[in-house]
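Enquirer: When you read off a place in the sequence shown, starting at 1, and then add 3, the result is the number in our numbering.
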Amino acid sequence: MKVLLINPLTIEDSMVNITPNLGLGYIAASLRNNGFQVDIWDGVKKGMTRKKLEERLKTLDYDVAGFQAYTRSVKEVRQGLEMVKSLNPKILTIIGGPHPSGDPEGSLTHLKTDYAFRGEAEIGLVQLLKKLSAQEDKPFGDIPNLIWKNNGEIVCNPLQPIEDLDAVEMPSWDLINPNDYPYAPIGAFSKKFPLTTISTTRGCPYRCTFCANNTIMGRKVRARSTGLVLKEMELLHDKYGVREFQIIDDNFTSQRAMTLGVCRGIIDRGWDISLSFPNGVRLSTLDEEILHLLEKAGCYSLGVGIESGSPRTLKNMRKVQSIEEIKEKVNLIHRVTKIRTTGFFIIGYPTEDKEDILQTIRFSKELPINRAQFTICLPVPGTEMTDQMIKEGKLTNLDFSDISFQNILYVPENMTLKELRQCRTKAYMEFYLRFRIIFGLLSEIHSLEHIKFIFRRVRKLFS
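#1: Please state whether DSSP places residue 11 in a helix, a strand or coil.
#2: From what residue to what residue does the alpha helix (DSSP H) around residue 303 run?
#3: Might you give, ordered along the chain, the residues of its own chain that have their beta carbon closer than 6 Å to the beta carbon of residue 212, omitting 5 neighbours on each side?
#4: Let me confirm a value: residue 281 is counted as buried when at least 16 other C-beta atoms fall within 10 Å, else exposed. Which label applies?
#5: Is it true that the segment 106 to 125 meets the segment 398 to 417, where meeting means three or more beta-carbon pairs spaced less than 8 Å apart?
#6: Any chance the segment 288 to 295 sits against the segment 207 to 224, with 3 or more Cβ pairs inside 8 Å?
#7: Between residue 79 and residue 406, what straight-line distance do the alpha-carbon atoms span, to the nearest angstrom?
#8: Find out if the Cβ-Cβ distance for the pair residue 30, residue 124 is shorter than 8 Å.
#9: Output yes or no for whether 8 Å exceeds the beta carbon distance between residue 74 and residue 84.
#10: Quick one, which of 193, 162, 33 has its alpha-carbon nearest residue 446's?
#11: On the DSSP bridge assignment, give the partners of residue 42 in chain order.
#12: Quick check on residue 439 - is its C-beta less than 8 Å from some C-beta in chain D?
#13: Helix or strand or just coil, what does DSSP make of residue 450?
#14: Could you compute how far the alpha carbon of residue 52 sits from the alpha carbon of residue 44?
#15: Would you list, in sequence order, the uninterrupted alpha helix (DSSP H) runs of no fewer than 4 residues that lie entirely inside the segment 78 to 122?
#16: Check whether the segment 146 to 154 touches the segment 169 to 187, taking contact to mean three or more Cβ pairs, one atom from each stretch, closer than 8 Å.
#17: Are the segment 310 to 319 and the segment 255 to 269 touching, with three or more C-beta to C-beta distances below 8 Å?
#18: What distance in whole Å lies between the Cβ atoms of residue 285 and residue 256, which are believed to be in contact at a cut-off of 8 Å?
#19: Could you spell out the range, first to last residue, of the alpha helix (DSSP H) harbouring residue 266?
#20: Helix, strand or coil: which one does DSSP assign to residue 247?
#21: Taking only three categories from DSSP, how would you classify residue 197?
#22: Counting Cβ pairs, one atom from each stretch, are 3 or more of them under 8 Å apart for the segment 344 to 359 and the segment 370 to 384?
#23: Just reading off the alpha helix (DSSP H) that residue 279 is part of, what are its end residues?
#24: Straight-line CA distance for residue 245 to residue 177?
#25: What are the boundary residues of the beta strand (DSSP E) that includes residue 470?
#26: Could you tell me if residue 252 is buried or exposed, where buried requires 16 or more neighbouring beta carbons within 10 angstroms of its beta carbon?
#27: Looking only at its chain, what residues have a beta carbon closer than 6 Å to the beta carbon of residue 164, apart from the 5 residues adjacent to it on each side?
#28: What separation, rounded to the nearest whole angstrom, lies between the Cα atoms of residue 114 and residue 26?
#29: Let me check understanding here. Comparing Cα to Cα, which of 50, 22, 132, 49 lies closest to residue 7?
#30: Would you mind stating whether residue 204 and residue 239 have Cβ atoms separated by less than 8 Å?
This is how it looks when you write it as structure tokens:
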């Protein structure tokens with residue numbers, strides 16, 4: 004079987020991350036290791052267009068088209084699925100990723116795909132394709148994480164997280180070569196190139212109401228061994244020339260032994276590299292020892308999930324952190340290191356009013372952080388918050404086709420859409436139009452292309 008794995012988003016799509024696609028890389032490695040021929044079409048590479056995808060599908064005879072589906076890319080995934088079937092009605096279509104993990108039944112219903120996977124698909128996809136290539140009859144009830152139809156009824160097989168992450172093949176780095184990607188990373192800022200993302204853990208034990216991570220990866224944090232993480236970093240450093248690693252875990256510092264082991268391993272090897280954590284780290288896991296080792300290993304940037312400056316909103320989000328605890332940990336980072344911090348904030352949470360948002364804006368300016376991201380609350384499927392909103396009739400477009408970082412699907416009951424947009428603009432203006440912040444940002448810009456990328460993101464953010 005010939006398989007084409009597709010990320011349908013392109014470099015022109017809103018707020019897209021322009022880094023090697025780890026998810027597709029992991030799937031490709033698993034399939035290759037079991038004898039399947041695999042190509043990756045990643046739209047965020049330079050020069051990639053949907054027209055070129057169509058041309059490839061016309062000229063190469065693929066048996067399977069697998070789409071990576073985020074909720075924000077539902078429209079593009081649907082368009083891609085329709086194009087694939089129009090060119091070759093016999094091709095098998097499969098989707099995986101965060102969206103089908105959060106909305107398994109809806110994904111099969113609304114996206115008209117043959118199969119879907121929720122959670123991790125490295126094991127289940129191999130089993131499915133082996134059965135199909137051997138022309139085995141259904142049922143497929145023993146395939147982990149598969150979403151399929153049995154006599155017209157949608158079946159969601161049980162979620163089975165992969166317990167031993169060391170058993171998962173490293174991504175197929177030759178298919179997602181870091182040198183093939185534009186110099187514009189997650190979050191727009193970086194220090195060295197080439198760069199790549201890397202993953203060391205999966206799963207999240209926390210119960211934040213707005214986050215779908217544990218729906219996708221489970222509540223148990225599973226870590227790769229320190230030795231395997233360093234082996235992969237060594238491959239990327241020596242073979243591909245990678246000089247910055249963006250660790251995209253949600254809970255890297257929660258696995259203390261691994262965190263310290265990876266940092267010491269980098270230091271012992273004498274690599275001249277940079278580390279950043281664009282997805283953020285849990286503030287409660289940080290202490291002086293971890294921070295000192297992170298900085299010594301090359302860490303220059305940490306994202307931190309602050310979310311709100313309103314104690315009431317933090318409680319409703321189940322963040323399990325107080326305003327004072329946030330201040331203590333952010334001040335600790337600032338006091339003992341020169342690591343630059345980005346605060347992540349959510350505005351427009353369902354229980355908020357305007358005063359809650361103003362509290363968040365004031366709080367962001369009180370903290371010694373270098374950058375801030377103010378995201379209007381996004382009701383993605385698979386979260387407790389979204390489930391409650393659907394139950395209360397506050398969300399009606401349940402195919403999620405209109406969702407994006409720019410398109411606001413929900414406005415708190417005591418606010419208007421105009422007021423919410425004004426609050427976001429106020430947040431960005433008040434935070435960034437300060438000398439300390441502007442000077443710091445200017446010191447991080449490294450090229451004309453970088454400036455263009457930042458302006459494009461800013462324009463789309465406020466469009």
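Quick reminder that beta carbons are idealized off the backbone N, C-alpha and C, glycines included.
Keep in mind that this is a model prediction, so the values were computed, not measured.
Expert: Well, looking at it:
#1: Taking the sequence shown and counting its residues from 1, one reaches residue 11 at position 8. Three-state result, residue 11: coil.
#2: Sequence index remark: in the sequence shown, residue 303 carries index 300 (1-based). Unbroken run through residue 303 is the beta strand (DSSP E), 302 to 310; no alpha helix (DSSP H).
#3: As a first step, residue 212 is located in the sequence shown; it is residue number 209 there, counting from the start. The residues are 320, 321, 387, 388.
#4: Translated into positions along the sequence shown, residue 281 becomes position 278. Looking at its Cβ environment, which holds 16 or more other Cβ atoms inside 10 Å, residue 281 is buried.
#5: yes
#6: These segments do not touch.
#7: Within the sequence shown, residue 79 is the residue found at index 76, counting from 1. Within the sequence shown, residue 406 is the residue found at index 403, counting from 1. Roughly 12 Å separates the two Cα atoms.
#8: In the sequence shown, counting from the first residue as 1, residue 30 sits at position 27. In the sequence shown, counting from the first residue as 1, residue 124 sits at position 121. The answer is yes: Cβ separation under 8 Å.
#9: Reading the sequence shown from its first residue, position 71 is the one you call residue 74. Reading the sequence shown from its first residue, position 81 is the one you call residue 84. Going by C-beta atoms, residue 74 is not nearer than 8 Å to residue 84.
#10: If you number the sequence shown from 1, residue 446 lands on position 443. Nearest of 193, 162, 33 to residue 446, Cα basis: 193.
#11: Taking the first residue of the sequence shown as position 1, residue 42 is located at position 39. In DSSP, residue 42 forms a bridge with 7.
#12: The chain labelled as chain D is not found in the depicted structure, where only one protein chain is given.
#13: Walking along the sequence shown from the start, residue 450 turns up at place 447. Looking at residue 450 - three-state DSSP - the assignment turns out to be coil, as it is neither helix nor strand.
#14: Sequence index remark: in the sequence shown, residue 52 carries index 49 (1-based). Sequence index remark: in the sequence shown, residue 44 carries index 41 (1-based). In this structure, the alpha-carbon of residue 52 lies about 10 Å from that of residue 44.
#15: 101 to 105, 107 to 114
#16: no
#17: no
#18: Taking the sequence shown and counting its residues from 1, the one referred to as residue 256 is at position 253. Taking the sequence shown and counting its residues from 1, the one referred to as residue 285 is at position 282. Contact holds; Cβ gap of about 6 Å.
#19: Taking the sequence shown and counting its residues from 1, one reaches residue 266 at position 263. Element bounds for residue 266: 259 to 272.
#20: Here residue 247 is taken as the residue at index 244 of the sequence shown, counted from 1. Three-state DSSP puts residue 247 in a strand.
#21: By 1-based counting over the sequence shown, the position of residue 197 is 194. Here DSSP, grouped into helix, strand and coil, assigns residue 197 to coil.
#22: yes
#23: The residue labelled residue 279 in the question sits at position 276 within the sequence shown. No alpha helix (DSSP H) contains residue 279, which is instead part of the beta strand (DSSP E) from 277 to 284.
#24: Here the question's residue 245 lines up with position 242 in the sequence shown. Here the question's residue 177 lines up with position 174 in the sequence shown. In this model, residue 245 and residue 177 are separated by some 13 Å (Cα to Cα).
#25: The shown model of the chain, from 4 to 466, leaves out residue 470, and the question about it has no answer.
#26: Along the sequence shown, one-based indexing puts residue 252 at 249. So residue 252 ends up on the buried side.
#27: The residue given as residue 164 occupies position 161 in the sequence shown. Contacts found: 221.
#28: As a first step, residue 114 is located in the sequence shown; it is residue number 111 there, counting from the start. As a first step, residue 26 is located in the sequence shown; it is residue number 23 there, counting from the start. Going from the Cα of residue 114 to the Cα of residue 26 covers about 20 Å.
#29: Start at 1 with the first residue of the sequence shown, and residue 7 comes out as number 4. Considering only alpha carbons, the answer is 132.
#30: Mapped onto the sequence shown, residue 204 falls at position 201. Mapped onto the sequence shown, residue 239 falls at position 236. No; because the gap between Cβ atoms is not below 8 Å, this pair is not in contact.
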